[in-house]
Amino acid sequence: MSSLTTSEAGQAASARSKKRLTAFLFVVPLLAFILLTFVAPIGSMLWRSVHHPAVAELIPLTLAELQRWDGKDTPDRQTLEVFVRELHELDQQRLSGKLAEEFNRAYTGMSSVVKASARRVGRLDADELQDKGAETLLQAHRNWSSAQVWYAIQRAGQVYTYDYYLTALDLELHPEQGIQVREDTQIYLQLYSKTLNMALVITLFCALLGYPLAYYLAGLPENRANLLLVLVLLPFWTSLLVRTTAWIALLQTNGVINSFLLSSGLIGEPFEMLYTSFATVIAMTHILLPFMILPLYSVMRGIDPSYLRAALSLGAKPIPAFARIYFPMTLPGLSAGALLVFIISVGYYITPALVGGTDGQMISNIIAFHMQRSNNWELAAALGSLLLALILILYWLYDRFVGASNIKLG
Amino acid sequence: MSRSTTTSFSAFALAAALATASIAASAEDSLTVVSWGGAYGAAQKKHVIDPYQKDSGVKVLFEDYSGGVAEMKAQVESGNIQWDVVDLEVIDLERACSEGLLEVIPQDILPPGVDGTPAAQDFIPEALASECAVGNIVWSVVFAYNEKTIGGTKAATIADFFDTAKIPGKRAMRKRPQVNMEWALLADGVAPKDVYEVLGTPEGQQRAFDKLATIKKDIVWFDSWSQAPQLLNDGGAVLVQSANGRFYDAIRQEGKPFVIVWDGHVYDLDAWSVLKGSPKKDLAFKFIAYATGSKPLAGMPDVAYGPTRKSSMPLADQSAAPHLPTAHLDKGIQAGSEFWADYGESLGEKFNEWLLK
Amino acid sequence: MSKIPAYFGFWHRFGAWLLQVSSWLVLLFLILPILVIVPLSFNVEPFFSFTEGMLTLQPEAYSLRWYREIFNDPKWLLAIQNSFLIGILATVIATALGTCAAVGLARDDMPQRRFITALLLSPMIVPLIITAAGMFFFYSNLGLAGSYLGVILAHAALGTPFVIITVTATLTGFDYSLARAALNLGATPLRVFFDIIMPLIRPGVISGALFAFITSFDEVVVILFMAGPQQRTIPRQMFSGLREQINPSILAIATLLILVSIALLVTIELLRRRAERLRSAED
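Chains as they are written, first to last, in numbering that gives the first Met the number 0: chain A, 0 to 409; chain B, 0 to 356; chain C, 0 to 282.
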């Protein structure tokens, strides 16, 4: 190869960078669109999990006063008076309920204390507020004398916080002992492990059902296989809600399966199947099975059946021959399908919400609960961020071993 | 450009243009009114919504929800106001009002009764007690059984609801602490007048949870009142909690063999209110003034709910009178709106943790 | 397996038979739950199960009652209209942006290809509950929650990965020298795109568009969190129906949806076969 002159090399480089730019320009519109409509919203969720200015906005003066507090006893009179004035003001503006909710999150049981106290303080006029505001507060409930309560208020007043992550991991911060496992209730870690367990069971079922079917289809002549594949693709294309509805019709107490079993005399009492984790697992296996079959089938199609036949004709026992020759060749398809099914099932919401009852709920359902029912959006965001981290790790694995753009869609 | 490409692109563009046009068309002025669906919703549609749409020309989007303050709170706090008018249980009203989720309703918008009585005297006092809402019906949470599935021993008292030895089988309850905690204490022998006092103490709350725990494995939880009659009909549960009107409607309209047990019922008002920050506040007030008029309210006894205006009763179907909650006040207690304003949040949380245990 | 070689003994044959039987059982597991819905939707009774009359095939046990109910209910009609409206507009956006991006991504000289591909495909992977929660926060701040625009943008974002995947698949092996030659001969880039690239990738674009459509048509979580009553869609209406008041009108709409999915599936299959025929004709 002759050496290039500097100008030739420069031209080549600029041609290359021009090509790179052209390629990039094609992608820019979608990239901008996705960043704006998808990545930014997720960013706002992450932001919300650590940014919580509500309390700081409700009682700014009290929090400023609390900075002088030594954290040991009831805060001094001046602090209490400032707080009573702010509470009075909030009551007039109908915002004491909001404060009650926030305090309740920081210290369980505070909601009723704040509301009842706000009502008492709200009845005071300006002079009374000046003279006996602090006393009224301390009389309203003994919690107002507790250093622990004020410590919790002080923490709730932080604009930037990692407390929601602590809650999401069943931890809590203790004034002296530091971070420790929550004593009263532990919910979320248990729920995470339950979710992973269920996803694992679903993946396993999908593999157990999908593998033989894909193998069978791969052995059929192409025309016939394509015909039967339609039976796999139809559920794939059928609305998720339709399939969930179908399982409700099948599984409910007086549903199709129970009435069949009852009328055939196989059972005397209907089974309770709907609203259990069994219902979640079976319905989700049904819904996700095509995601397992399609990659398996496409890999198996590519394997020359003569390998296995040759081994068999040379006298190899069928099971070892299958296990040592065929099975390893299908691993790429199996791992692609398994990872995809696992990823999808870990974050599933609709089906468990409709058929799972209390017992078949997964982590997504508790996120939805905190979004829609308890309105604890910060905790929902923290739980969601942890789930997102888990999914991204799995997605990274998938991209590494399978390639993100190799997802099989039929 | 090849022809088929051009064709498919113009088809696409046409579809898109049509779609955009129909969005523009559907953006016409309307009011979103949210209530409870089921038999109650049907009665409201017939006696309130439909006549209102006809008289005023305003299009009403009549939506269902299953109660609670959470959805309203999400809308107000995110600034994403979707609802204009909401039919609230008064048990949730004080809470919603004190948390700033509702507009203050000027009571001078309410018209006098058909007989000319000024609104302030025509309404029962409880209906106008809150500045955030106007009460429209008196209803009650009761339980019922199905003659077909109950077996030999019939339920008669609230204690029977918690007695699985006497009446075996599933119980269906709404998945929230309200009313269930009261029932647990009543069944545990607390005197009706002391229920809320006891429930205000940690020991009382524990007592209620302990009582509920005795039947926990037999409870079928539901989210919405409208699920309840179905559960009783298809054998999903033997004793089912619901609003009295839902059972009454199933008995009267569909001839179901349901029997309502009034012992220990918790009666309450439902009230119309306006979501804070609704862009159609004034229209919403007008709707409420219409909806709480003597005539629309006179339709509510159709589903065994008592109208809150005295002038409505003479206009109503008298056959429902013995089935209204007001005919059974001696057997029940009034729902504690103020109590639940204070304890709704913390007991709700405890209740959910208890459920997960 | 269709042909069993002679050297297969009894156990081999038994194994092949076992495989066939279990495969058919799995196929039944896949398809039966969906088919069960269809007859149930003609139930005259308001139940989700077969009545005795239905099993003995008495004509009066069947009716079109629930179909009439749907077409007389303004809520279902609004939902049907919304589903198509949102679906079509989201599809247009997703297809246009996705096709363009796929063309760029298929080029070898695309910088950071792997990372950008993974990023652009992530809406398909991130759990909808997370997407929906984030969108609720973000779009509410922009005043877009509870608006058609917000829902359409959200659904378009969810649909783009499918377009990228299907278009990329048709682009593998595409020879860019064709396009370059045309450019050198003085064709405008737009002309090059529509006259040279488009005919090749059209099957991919159309099936991508169908996927994007069905994604929006079937989506309910984002709608639950972000849409207002005005934007209620079919799946949203089904969701609240299943949660609150189970009656067979849901089965009737489900049956109609099955017909929609069969139509889409058939279209996709025909496209695939045509593409295959074209490819084999080229060879």
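Using N, Cα and C, we set each Cβ at its ideal position, and we do this for glycine too.
What residue range does the beta strand (DSSP E) around residue i cover?
{"i": "W271 of chain B", "result": "F257 to V273"}
{"i": "Y144 of chain B", "result": "A132 to N145"}
{"i": "L188 of chain A", "result": "Run containing L188 of chain A: none in the beta strand (DSSP E); it sits in the alpha helix (DSSP H), Y187 to G218."}
{"i": "T31 of chain B", "result": "S29 to S34"}
{"i": "V43 of chain C", "result": "V43 of chain C -> no beta strand (DSSP E), and no H or E assigned at all."}
Residue range of the alpha helix (DSSP H) that residue i falls in?
{"i": "A380 of chain A", "result": "W376 to F400"}
{"i": "R12 of chain C", "result": "F9 to L39"}
{"i": "K285 of chain B", "result": "K280 to A290"}
{"i": "W236 of chain A", "result": "E221 to W236"}
{"i": "F61 of chain B", "result": "Looking at the DSSP string, F61 of chain B is not in any alpha helix (DSSP H); the run it does join, the beta strand (DSSP E), is K58 to D63."}
{"i": "H46 of chain B", "result": "Taken as a continuous stretch (DSSP letters only), H46 of chain B belongs to no alpha helix (DSSP H), as it is neither H nor E."}
{"i": "G264 of chain A", "result": "No alpha helix (DSSP H) contains G264 of chain A, which DSSP labels as neither H nor E."}
{"i": "D341 of chain B", "result": "S336 to L355"}
{"i": "I239 of chain C", "result": "First, the amino acid is wrong: residue 239 of chain C is Ser here, not Ile. Looking at the DSSP string, the run of the alpha helix (DSSP H) that includes S239 of chain C is I233 to E243."}
Using a beta-carbon distance below 8 Å, is residue i in contact with chain F?
{"i": "A253 of chain C", "result": "Among the protein chains in the structure shown, which are A, B and C, there is no chain F."}
Measure the beta-carbon distance from residue i to residue j and round it to whole angstroms, keeping in mind my assumption that it falls under 8 Å.
{"i": "M312 of chain B", "j": "P321 of chain B", "result": "Contact flag wrong, Cβ pair sits at about 13 Å."}
{"i": "A270 of chain B", "j": "N135 of chain B", "result": "6 Å"}
{"i": "C151 of chain C", "j": "L76 of chain C", "result": "The amino acid at residue 151 of chain C is misidentified as Cys; the sequence shows Ile. Not really, about 20 Å apart at Cβ, beyond 8 Å."}
{"i": "Y430 of chain A", "j": "L216 of chain A", "result": "Since the displayed chain A opens at 0 and closes at 409, residue 430 of chain A lies outside it and no answer follows."}
{"i": "T347 of chain A", "j": "M361 of chain A", "result": "Here residue 347 of chain A turns out to be Tyr, not Thr, going by the sequence shown. Confirmed, Cβ separation roughly 6 Å."}
{"i": "S272 of chain B", "j": "A132 of chain B", "result": "4 Å"}
{"i": "D239 of chain B", "j": "L231 of chain B", "result": "Per the sequence shown, the amino acid found at residue 239 of chain B is Val instead of Asp. Going by Cβ atoms, the distance from V239 of chain B to L231 of chain B rounds to 4 Å, so yes, they are a contact pair."}
{"i": "M299 of chain A", "j": "G336 of chain A", "result": "Their Cβ separation, rounded to whole angstroms, is 11 Å, which puts M299 of chain A and G336 of chain A out of contact at 8 Å."}
{"i": "P122 of chain C", "j": "I365 of chain A", "result": "About 23 Å separates the two Cβ atoms, so there is no contact after all."}
{"i": "G96 of chain A", "j": "G66 of chain B", "result": "The pair is not a contact, with the Cβ atoms about 18 Å apart (cut-off 8 Å)."}
{"i": "F161 of chain B", "j": "A186 of chain B", "result": "4 Å"}
{"i": "G188 of chain B", "j": "V197 of chain B", "result": "That belief does not hold up - the Cβ atoms of G188 of chain B and V197 of chain B are roughly 10 Å apart, past 8 Å."}
Quick one: is residue i near chain B, going by C-beta distance under 8 Å?
{"i": "T107 of chain A", "result": "yes"}
{"i": "Q19 of chain C", "result": "no"}
{"i": "I186 of chain A", "result": "yes"}
{"i": "Q138 of chain A", "result": "no"}
{"i": "G227 of chain C", "result": "yes"}
{"i": "Q371 of chain A", "result": "yes"}
Should residue i be flagged as near chain C, meaning a C-beta pair shorter than 8 Å?
{"i": "I41 of chain A", "result": "yes"}
{"i": "L60 of chain B", "result": "yes"}
{"i": "W143 of chain A", "result": "no"}
{"i": "N374 of chain A", "result": "no"}
{"i": "G36 of chain B", "result": "yes"}
{"i": "Y150 of chain A", "result": "no"}
{"i": "L285 of chain A", "result": "One point to set straight first is that residue 285 of chain A is His, not Leu, in the sequence displayed. It does: the Cβ of H285 of chain A has a partner Cβ on chain C nearer than 8 Å."}
{"i": "P319 of chain A", "result": "no"}
Counting only beta-carbon separations shorter than 8 Å, does residue i have a partner in chain A?
{"i": "M0 of chain C", "result": "Here M0 of chain C scores only 43 on pLDDT, less than 50, and its place in the model should not be relied on; the value that follows carries that caveat. For M0 of chain C, the answer is yes, since a Cβ of chain A falls inside 8 Å of its Cβ."}
{"i": "Y247 of chain B", "result": "no"}
{"i": "T159 of chain C", "result": "yes"}
{"i": "V204 of chain C", "result": "no"}
{"i": "A207 of chain B", "result": "no"}
{"i": "D267 of chain B", "result": "no"}
Compile a chain-ordered list of the residues in the segment 75–104 of chain A whose CB is closer than 8 Å to at least one CB of chain B.
-> Answer in chain order: Q92, R93, L94, S95, G96, K97, A99, E100 and N103.
Would you list, in chain order, the members of the segment 64–79 of chain B that have their beta-carbon closer than 7 Å to a beta-carbon of chain C?
-> If the cut-off is 7 Å between Cβ atoms, the segment 64–79 of chain B has S65, S77, G78 and N79 near chain C.
Using Cβ-Cβ distances below 8 Å, what residues of the segment 139–156 of chain C are close to chain A?
-> Of all residues in the segment 139–156 of chain C, only N140, L152, A153, A155 and A156 place a beta-carbon less than 8 Å from a beta-carbon of chain A.
Unbroken alpha helix (DSSP H) runs of length 4 or more, entirely within the segment 100–151 of chain A: which are they?
-> Those alpha helix (DSSP H) runs which fall completely within the segment 100–151 of chain A and span 4+ residues are 109–121 and 125–139.
Taking any Cβ of chain C, which residues in the segment 351–369 of chain A have a Cβ under 7 Å from it, in chain order?
-> Within the segment 351–369 of chain A, L353, S363, I366 and A367 place their CB atoms closer than 7 Å to a CB of chain C, listed in sequence order.
For the segment 218–234 of chain B, which residues have a beta carbon sitting closer than 9 Å to at least one beta carbon of chain A?
-> Near chain A, meaning a CB-to-CB distance below 9 Å, the residues of the segment 218–234 of chain B are V219, W220, D233 and G234.
Residues in the segment 110–137 of chain C having any Cβ partner in chain B nearer than 9 Å | Within the segment 110–137 of chain C, the residues whose Cβ lies closer than 9 Å to some Cβ of chain B are F135 and F136, listed in chain order.
Please list the segments of the alpha helix (DSSP H) lying wholly inside the segment 32–105 of chain A, counting only runs of 4 or more residues, in order along the chain.
-> The DSSP assignment places complete alpha helix (DSSP H) segments of no fewer than 4 residues inside the segment 32–105 of chain A at 39–49, 53–57, 59–65, 76–91 and 95–105, in order along the chain.
Unbroken alpha helix (DSSP H) runs of length 4 or more, entirely within the segment 143–230 of chain B: which are they?
-> Listed in chain order, the alpha helix (DSSP H) runs fully inside the segment 143–230 of chain B are 157–160, 179–186, 194–198 and 201–212, counting runs of at least 4 residues.
Chain B contacts from the segment 244–274 of chain A (Cβ-Cβ distance under 7 Å) | Here the close residues are T252 and N253.
Selection of the segment 322–335 of chain A by Cβ proximity to chain C, strictly under 7 Å | Those would be none; no residue qualifies.
Taking any Cβ of chain B, which residues in the segment 53–71 of chain C have a Cβ under 8 Å from it, in chain order?
-> Answer in chain order: no residues at all.
Which of the residues in the segment 109–130 of chain A, read from start to end, lie with their CB under 7 Å from any CB of chain B?
-> For the segment 109–130 of chain A, which is checked against every Cβ of chain B, the residues closer than 7 Å are S110, S111, K114 and A115.
Complete alpha helix (DSSP H) runs within the segment 301–347 of chain A (minimum length 4 residues, chain order) = Runs of the alpha helix (DSSP H) inside the segment 301–347 of chain A: 305–312, 317–320 and 326–345.
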